[in-house]
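Residues in the sequence shown are numbered from 131 upward in steps of one, following our numbering.
Where is the CB? At the ideal position from N, CA and C, for every residue including glycine.
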Amino acid sequence: MVIKPDADLLSAALDRVVPPVGDLPGAGGMGLSEEVIKRCSADDRFNGALNTVLEALPSPNDFMALDDGGRDGALRAVESSHPAAFGLWLDIVYTIYYMQPDVHARLNWHGRSPQPDGNEMPPWDESILSVIRQREPFWRKV
């Protein structure tokens, strides 16, 4: 039987793992819980990790009633008691978070692949090779 994870609980947990910074909302505030659920449901390992983490947290109502310090403590307890599942869960959370265009903009990261456009490089400085050019060859010509 497949149980749909509680998106509100997940969203609150996401905001503690990746909290808001400046004008950028936290991962939960960005509405990433549904994407986390979707991605996790496509892979049994990640789905198991998500379920383990959420089941180990207090109930949604109890977790929401905690202040930030209490939520952090609950997450630390889950990390301690289920380190492998927590690590997999973090992997998927960070992957999804750092795919977001708003996060790229905040980091001033262009996000394009090196090919075919390439990345800008400073002009080549031939002086870098001056010391190497002064060395005697250490190989034999054949």
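- Query: Below 8 Å between beta carbons: does that hold for residue 156 and residue 144?
  - Reply: Here residue 156 corresponds to residue number 26 of the sequence shown, with the count starting at 1. Here residue 144 corresponds to residue number 14 of the sequence shown, with the count starting at 1. Yes, Cβ-Cβ distance for residue 156 and residue 144 is below 8 Å.
- Rounded to a whole number of angstroms, what is the C-alpha to C-alpha distance between residue 187 and residue 205? As a working note, residue 187 is residue 57 in the sequence shown. As a working note, residue 205 is residue 75 in the sequence shown. Going by the C-alpha atoms only, they are around 7 Å apart.
- Item | Three-state secondary structure assigned by DSSP to residue 162 | Within the sequence shown, the letter at position 32 stands for residue 162. Residue 162 falls in the coil class under three-state DSSP.
- Task: Find out if the Cβ-Cβ distance for the pair residue 175, residue 218 is shorter than 8 Å.
- Result: Locating residue 175 in the sequence shown gives position 45, counting from the first residue. Locating residue 218 in the sequence shown gives position 88, counting from the first residue. A contact, by the Cβ cut-off of 8 Å.
- Tell me the DSSP bridge mates of residue 154? As a first step, residue 154 must be located in the sequence shown, where it is residue number 24. According to DSSP, residue 154 bridges with 151.
- Give the straight-line distance between the Cα atoms of residue 228 and residue 160, rounded to the nearest whole angstrom. Position 98 of the sequence shown, counted from the first residue, corresponds to residue 228. Position 30 of the sequence shown, counted from the first residue, corresponds to residue 160. Computed Cα separation, rounded: 12 Å.
- Close beta carbons around residue 207, own chain, < 8 Å, minus the five adjacent residues each side: In the sequence shown, counting from the first residue as 1, residue 207 sits at position 77. Excluding sequence neighbours, residue 207 sits near 186.
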